[in-house]
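S.K.:
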Amino acid sequence: MTAHVIPTLIGVRDMEAAKRFYTDGLGWKVKNDYGISVFFESDGASPIGLYGREGLAKLMGTSPEGSGFSGLVLTYEVSSERRVDEVLAEAEQAGATILKPAEALPWGGYGGTFADPEGYIWRVGHSAQGQD
Numbered sequence: 001m002t003a004h005v006i007p008t009l010i011g012v013r014d015m016e017a018a019k020r021f022y023t024d025g026l027g028w029k030v031k032n033d034y035g036i037s038v039f040f041e042s043d044g045a046s047p048i049g050l051y052g053r054e055g056l057a058k059l060m061g062t063s064p065e066g067s068g069f070s071g072l073v074l075t076y077e078v079s080s081e082r083r084v085d086e087v088l089a090e091a092e093q094a095g096a097t098i099l100k101p102a103e104a105l106p107w108g109g110y111g112g113t114f115a116d117p118e119g120y121i122w123r124v125g126h127s128a129q130g131q132d
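Under full-length UniProt numbering, the first residue of the sequence shown is numbered 1, with each subsequent residue one higher.
(1) Using a 10 Å radius around the Cβ and a threshold of 16 neighbouring Cβ atoms, would you call Leu99 buried or exposed?
(2) Following the continuous beta strand (DSSP E) through Val87, name the residue where it begins and the one where it ends.
(3) If you draw a straight line from the C-alpha of Arg123 to the C-alpha of Ala18, how long is it?
(4) Comparing C-alpha positions only, which one of Gln93, Ala96 and His126 sits nearest to Gly108?
(5) Find out if the Cβ-Cβ distance for the pair Gly52, Ile36 is shorter than 9 Å.
(6) What does a CB cutoff of less than 7 Å around Leu9 pick up in its chain, not counting 5 residues either side in sequence?
(7) Write down the C-beta distance between Lys31 and Phe40 rounded to the nearest angstrom, noting that I regard them as a contact closer than 8 Å.
(8) Please report the residue range of the alpha helix (DSSP H) in which Gly58 lies.
(9) Among the residues of its own chain, which have a CB less than 8 Å from the CB of Glu90, if the five just before and after it don't count?
(10) Roughly how many angstroms lie between the CA atoms of Glu65 and Gly112, to the nearest whole one?
(11) Can you look up Asp33 in the DSSP assignment and give me helix, strand or coil?
(12) Would the beta-carbon of Ala96 fall within 9 Å of that of Asp116?
(13) Report the rounded CA-to-CA distance for Phe69 versus Leu105, giving the unit in angstroms.
(14) Beta carbon of Tyr110, beta carbon of Val84: below 9 Å?
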């Protein structure tokens, strides 16, 4: 198996609220809306999609129940420290919870984290290879 993984599906409890967070709050554009799942335009990156949590769990053969840190962190790299601050502010304005404010990172770079309204963790960071 190669390390080429696409798309990433996020199992959500409230599809409409999740769509509003990512579209109205973060400005993402919907590419396809199938009702039970929604995929966003990806600008060449790995696509991100939303899927009803119970349906996705059933599709994967597991329980939709769970709590705490899942061990999964979604990462968004941007082109400047200023943009890290802007994205964290946009996410908070849209209803995200800031888990760790942006700061200089021990390995060089700059970043912070937020949890979307469903509790999924996003790391926003800047490095020499970042994109907007």
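Note that the Cβ used here is the ideal one computed from N, Cα and C, for glycine as well.
M.R.: According to the structure shown:
(1) Result: exposed.
(2) From DSSP, Val87 is part of no beta strand (DSSP E) but of the alpha helix (DSSP H) over Glu81 to Gln93.
(3) C-alpha separation (whole angstroms): 18 Å.
(4) For Gly108, the closest of Gln93, Ala96 and His126 by C-alpha to C-alpha distance is His126.
(5) Contact flag set, yes.
(6) Cβ within range, chain order: Gly49, Tyr51 and Leu56.
(7) Contact holds; Cβ gap of about 6 Å.
(8) A small correction: the amino acid at residue 58 is Lys; Gly does not occupy that position in the sequence shown. Arg53 to Met60 is the span of the alpha helix (DSSP H), which, as asked, contains Lys58.
(9) Cβ neighbours of Glu90 beyond the five flanking positions: Gly25, Leu26 and Gly27.
(10) Going by the C-alpha atoms only, they are around 27 Å apart.
(11) DSSP places Asp33 in strand when its eight states are reduced to three.
(12) Taking 9 Å as the Cβ cut-off, Ala96 and Asp116 qualify as a contacting pair.
(13) Each residue's Cα considered, the two are about 21 Å apart.
(14) For Tyr110 and Val84, yes; Cβs fall inside 9 Å.
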